[in-house]
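Asker: Attaching a single structure in structure tokens format; questions to follow.
There are 4 protein chains.
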Amino acid sequence: MVGTMDGTKQQRRGNTRQRIQDVALQLFAEQGYEKTSLREIAERLDVTKAALYYHFRTKEEIIVSLFEDLTKPIEDLIEWGREQPHTLQTKQEIVRRYSAALTEAEPLFRFMQENQATVRELRIGDTFRDRMRGLKDIIIDPEADLVDQVRSLSALFTLHAGLFVMQDLEGDPERKRKASLEVALDMVRQAHEHARRDR
Amino acid sequence: MVGTMDGTKQQRRGNTRQRIQDVALQLFAEQGYEKTSLREIAERLDVTKAALYYHFRTKEEIIVSLFEDLTKPIEDLIEWGREQPHTLQTKQEIVRRYSAALTEAEPLFRFMQENQATVRELRIGDTFRDRMRGLKDIIIDPEADLVDQVRSLSALFTLHAGLFVMQDLEGDPERKRKASLEVALDMVRQAHEHARRDR
Amino acid sequence: MVGTMDGTKQQRRGNTRQRIQDVALQLFAEQGYEKTSLREIAERLDVTKAALYYHFRTKEEIIVSLFEDLTKPIEDLIEWGREQPHTLQTKQEIVRRYSAALTEAEPLFRFMQENQATVRELRIGDTFRDRMRGLKDIIIDPEADLVDQVRSLSALFTLHAGLFVMQDLEGDPERKRKASLEVALDMVRQAHEHARRDR
Amino acid sequence: MVGTMDGTKQQRRGNTRQRIQDVALQLFAEQGYEKTSLREIAERLDVTKAALYYHFRTKEEIIVSLFEDLTKPIEDLIEWGREQPHTLQTKQEIVRRYSAALTEAEPLFRFMQENQATVRELRIGDTFRDRMRGLKDIIIDPEADLVDQVRSLSALFTLHAGLFVMQDLEGDPERKRKASLEVALDMVRQAHEHARRDR
DNA sequence: AATGAATGAGCGTTCATTCAT
DNA sequence: GATGAATGAACGCTCATTCAT
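Chains as they are written, first to last, in our numbering: chain L, 64 to 262; chain B, 64 to 262; chain X, 64 to 262; chain E, 64 to 262.
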């Protein structure tokens with residue numbers, strides 16, 4: 064149907080799997096998971112639907128594979144965080160690295176943010192929940208005041224907001240990201256200092 | 064929700080429209096918009112799919128009607144806010160009332176939070192975006208530092224987080240809601256004071 | 064919904080039945096029978112679908128009633144024709160009157176012309192077939208050459224064509240109708256004269 | 064039509080598309096377009112409805128494909144006619160070939176004749192109208208008397224009548240077709256001669 | 001003379017998935 | 001490393017029709 068200029072089906076050297084992931088992620092992020100059909104993905108790649116099934120067993124497996132490939136940094140981050148002392152420095156480093164990880168795989172996280180209902184029903188839902196719990200355990204002081212616990216969690220959420228929600232704030236994305244990070248760091252600091260003072 | 068004392072077809076005296084809205088909202092919030100079929104809604108109500116079409120012209124109209132019925136308070140809130148002076152008191156009152164409005168129509172807002180990709184493609188998407196922009200304009204000082212703008216916006220977002228995301232924080236919902244509100248108020252105060260100091 | 068200026072539902076003095084027929088015929092002729100729904104008819108009249116069922120037992124009965132009301136002249140015409148001698152004058156008078164009758168109830172005949180497949184399955188199909196057969200028996204000389212039989216029948220068909228098909232011929236409708244009539248009369252004359260000569 | 068020697072699922076080697084067209088045309092011609100459902104077509108072929116959608120994107124595309132495949136001869140005919148001198152011989156040859164083309168694809172033309180209201184709303188409607196206009200331009204002398212213009216057009220219409228309407232005239236179809244052709248040729252001749260005489 | 005509320009059947013269409021080749 | 005051809009299930013939606021009021 065599409066037919067490229069030189070007649071070749073353009074670089075198809077075993078990288079189809081990757082190309083499927085790329086296109087799928089783009090469409091999932093743009094339109095949502097349910098509204099994106101395998102037909103659509105296949106058409107963009109100029110292959111048949113059946114070809115997708117050569118590389119992935121189900122539609123869900125496509126998103127799962129993306130999740131697994133792209134959230135490795137966050138898994139590592141949590142593992143790293145668990146072994147550190149619960150100091151302010153650690154917490155703030157977590158926030159910094161989390162911000163970086165979010166930015167790195169922005170489309171995936173945008174997708175997860177905007178399709179929570181879907182994600183919850185997918186296999187990745189539980190995994191993701193566990194991760195967030197892991198982060199929470201590192202960043203929150205279990206003996207702290209509830210208000211300060213909320214403040215800490217909200218710091219993480221501020222990072223999400225910075226990426227996905229504040230698009231109609233003027234300013235270039237990188238500056239906004241840095242501003243969000245600064246706010247988040249500040250919130251973590253406040254929560255941490257209150258906790259120490261209260262003891 | 065509906066409660067049937069006996070096994071009969073229960074009071075069907077013109078309240079079907081409302082019953083459809085109730086069931087639909089519950090299912091939309093639980094499973095998402097696309098994964099909830101009209102068949103499912105109809106079955107729960109023990110009517111046929113066609114009956115739904117007597118009361119609503121399309122599936123989308125069901126969610127639109129819910130949105131219109133349930134977000135009136137927020138519309139009013141914005142209108143009120145526009146006429147107030149841009150003082151700290153005003154901003155904090157906005158936050159307080161917004162928190163209350165969110166809580167009031169929790170299932171709808173949970174739905175919107177968790178189905179953003181879907182909502183964006185629905186008619187309500189634009190309306191909602193406009194509202195958030197309205198809120199932003201009241202709560203943000205356009206001359207403030209970008210960091211403080213983010214802080215203000217993030218305050219609103221903290222309220223969302225308090226309702227929908229922090230479910231696995233221990234503590235009863237009402238206490239968590241109050242804690243979120245406190246954090247949000249504090250963020251608004253900080254943003255406001257920075258702005259004044261800088262002048 | 065529609066609501067007229069003075070608040071009254073405009074002249075509804077028992078003429079609803081007629082108004083249903085009018086609107087239905089217009090829509091049937093415009094869009095075809097199957098593509099016209101009772102909902103559409105009801106909406107145009109600003110009544111409910113159920114109201115239609117007060118006046119007609121089924122959708123089919125609406126078209127049947129129109130057929131019966133509007134094709135009486137053709138029935139009469141056939142009855143008259145049967146009692147006349149099979150002269151050229153009779154045949155030509157039939158053609159003239161048929162042309163007039165077609166013009167009189169143009170929308171109905173346009174509908175029947177353009178929805179033959181539908182009409183065939185409706186109750187009126189057989190009736191109509193019988194009528195055409197009646198006309199044929201009057202206008203055709205059974206002993207004539209097949210070519211002349213066709214010529215006679217085609218004369219009738221020319222009248223149809225004049226009304227419904229030749230819309231993109233320039234000239235005002237009345238002139239075209241007269242031209243069609245002239246051609247039809249001429250064809251009948253030719254057929255008749257051949258038959259006489261051959262004897 | 065298809066003919067199954069044994070009760071098995073018969074030769075399904077890439078001829079399904081054609082088989083769909085065959086069955087669809089038969090049913091469309093018998094019952095009309097709207098009254099023929101895809102379910103019905105699928106059942107006759109012993110495939111599922113979804114299989115139809117592998118071969119055609121919509122129901123409309125089935126009829127469009129039939130139209131395009133079967134009316135090619137008429138398109139060619141018009142093209143040929145445009146390049147000929149406007150002599151009587153040309154006009155009569157057009158009529159002869161048109162008659163042959165109609166006969167060749169009788170079911171399709173019967174369908175179009177009996178479902179004009181439907182066809183008008185389909186994509187093929189405009190194309191068909193254009194063709195008829197093309198034929199008209201060849202066969203009609205624009206300076207001729209309106210009566211003779213009608214006579215020429217009516218000649219074409221006689222051919223239609225010969226195929227579809229005169230079924231209850233006795234005589235075998237081929238003889239009737241020839242008789243219609245003869246009448247049509249005669250009408251064209253009369254129209255042509257009048258035009259010459261008037262000059 | 002009409003409405004409000006509903007039904008049952010069916011429609012065209014789309015989807016993820018399968019499997020022989 | 002793919003395709004061609006198909007399936008089964010479901011979907012949103014529309015229709016003519018019914019009936020108590």
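Every residue gets a Cβ at the ideal spot worked out from N, C-alpha and C, and that includes glycine.
Buried or exposed for serine 162 (chain E), please, with buried defined as at least 16 other CB atoms from any protein chain shown within 10 angstroms of its CB.
Answerer: buried
Asker: So does the region 77-97 of chain L actually touch the region 124-131 of chain L, counting three or more Cβ pairs closer than 8 Å?
Answerer: yes
Asker: Report all residues from its chain with a CB closer than 6 Å to the CB of phenylalanine 227 (chain B); omit the five preceding and five following residues, and keep chain order.
Answerer: Arg173, Gln176
Asker: Reducing DSSP to helix, strand and coil, say where glycine 95 (chain X) ends up.
Answerer: When DSSP states are grouped into helix, strand and coil, glycine 95 (chain X) belongs to the coil group.
Asker: When you compare only the Cα positions, how much space is there between aspartate 146 (chain X) and lysine 154 (chain X)?
Answerer: Contrary to the premise, residue 146 (chain X) reads as glutamate rather than aspartate in this sequence. Using only the alpha carbons, I get a separation of about 12 Å.
Asker: Check distances from the C-beta atoms of the region 237-250 of chain E to those of chain X and list, in chain order, the residues that come in under 9 Å.
Answerer: Arg238, Lys239, Lys241, Ala242, Ser243, Glu245, Val246, Ala247, Asp249, Met250
Asker: Roughly how many angstroms separate the alpha carbons of methionine 68 (chain X) and aspartate 109 (chain X), rounded to a whole number?
Answerer: With a pLDDT of 42 at methionine 68 (chain X), under the threshold of 50, the predicted position of this residue should be treated as unreliable, and no value is reported.
Asker: Just mark arginine 240 (chain B) as buried or exposed, buried being the case when its beta carbon has 16 or more other beta carbons within 10 Å.
Answerer: By the neighbour-count rule (16 or more Cβ atoms within 10 Å), arginine 240 (chain B) is buried.
Asker: Just verifying my parser: in three-state terms, what is the DSSP assignment at histidine 255 (chain X)?
Answerer: helix
Asker: Need the endpoints of the alpha helix (DSSP H) that proline 136 (chain L) sits in, please.
Answerer: 135-145
Asker: Nearest by alpha-carbon distance to glutamate 142 (chain L): which of L:Ile201, L:Ser215, L:Arg107, L:Asp235 is it?
Answerer: L:Ile201
Asker: What in chain B is Cβ-close to methionine 229 (chain L), meaning under 8 Å?
Answerer: Val213, Leu216
Asker: Between which two residues does the alpha helix (DSSP H) holding alanine 113 (chain L) run?
Answerer: 112-118
Asker: Can you name, in chain order, every residue of its own chain whose Cβ lies under 8 Å from the Cβ of leucine 165 (chain E), other than the five neighbours on each side?
Answerer: Counting only Cβ-Cβ distances below 8 Å, and skipping sequence neighbours, we find Phe172, Leu222, His223, Leu226.
Asker: Rounded to a whole number of angstroms, what is the C-alpha to C-alpha distance between threonine 111 (chain E) and phenylalanine 119 (chain E)?
Answerer: If I take the Cα positions, the gap works out to 13 Å.
Asker: Within this structure, are the beta carbons of alanine 247 (chain E) and alanine 218 (chain E) separated by less than 7 Å?
Answerer: Yes. Within cutoff.
Asker: Taking glutamate 169 (chain X) as the query, report the chain E residues whose CB atoms sit under 9 Å from its CB, ordered along the chain.
Answerer: Those within 9 Å of glutamate 169 (chain X) in chain E number zero; the least Cβ separation is about 15 Å.
Asker: Beta-carbon separation of alanine 254 (chain E) and serine 215 (chain E) under 7 Å?
Answerer: yes
Asker: Is there a Cβ of chain L sitting closer than 7 Å to that of glutamate 142 (chain B), yes or no?
Answerer: no
Asker: Along the alpha helix (DSSP H) that carries methionine 175 (chain B), what are the first and last residues, could you check?
Answerer: 169-177
Asker: Got a sec? Which residues, its chain only, sit under 8 Å from leucine 244 (chain L) by beta carbon, not counting five neighbours each side?
Answerer: Here the set comprises Val158, Arg159, Ser162, Leu222, Gly225.
Asker: Indicate the three-state DSSP secondary structure (helix, strand or coil) for threonine 190 (chain L) in the structure shown.
Answerer: Residue state, collapsed to three classes: helix.
Asker: Within 10 angstroms of the Cβ of arginine 260 (chain E), are there 16 or more other Cβ atoms? Answer buried if so, exposed if not.
Answerer: exposed
Asker: May I have the straight-line CA-CA distance separating glutamate 131 (chain X) from proline 170 (chain X), to the nearest angstrom?
Answerer: 14 Å
Asker: How many angstroms separate the CA atom of alanine 242 (chain X) from the CA atom of valine 210 (chain E)?
Answerer: 5 Å
Asker: Does the separation of the CB atoms of leucine 129 (chain L) and leucine 115 (chain L) fall below 7 Å?
Answerer: no
Asker: With C-beta atoms as the reference, is tyrosine 15 (chain E) less than 7 Å away from threonine 181 (chain E)?
Answerer: Given a span of 64 to 262 for chain E in the structure shown, any question on residue 15 (chain E) remains unanswerable.
Asker: Specify the secondary structure class of threonine 181 (chain L) as computed by DSSP and reduced to three states.
Answerer: helix
Asker: Does phenylalanine 220 (chain X) have its Cβ less than 7 Å from a Cβ in chain E?
Answerer: yes
Asker: Contact criterion: CB-CB distance below 7 Å. Does methionine 64 (chain B) meet it with respect to chain L?
Answerer: Low confidence applies to methionine 64 (chain B): its pLDDT is 37, below 50, so where it sits in the model is not reliable, and the reading given next is rough at best. Cβ-Cβ to chain L under 7 Å: no for methionine 64 (chain B).
Asker: Output, in sequence order along the chain, the residues in the region 190-201 of chain E whose CB is closer than 9 Å to any CB in chain X.
Answerer: Arg192, Met195, Arg196, Lys199
Asker: Residues of chain L with CB under 7 Å from alanine 207 (chain B), in chain order?
Answerer: None at all; the shortest Cβ gap to chain L is about 11 Å.
Asker: In whole angstroms, what is the alpha-carbon distance linking glycine 144 (chain B) and glycine 197 (chain L)?
Answerer: 39 Å
Asker: The alpha helix (DSSP H) with glycine 225 (chain X) in it runs from where to where?
Answerer: 209-227
Asker: Which residue marks the beginning of the alpha helix (DSSP H) containing isoleucine 104 (chain E), and which one marks its end?
Answerer: 101-108
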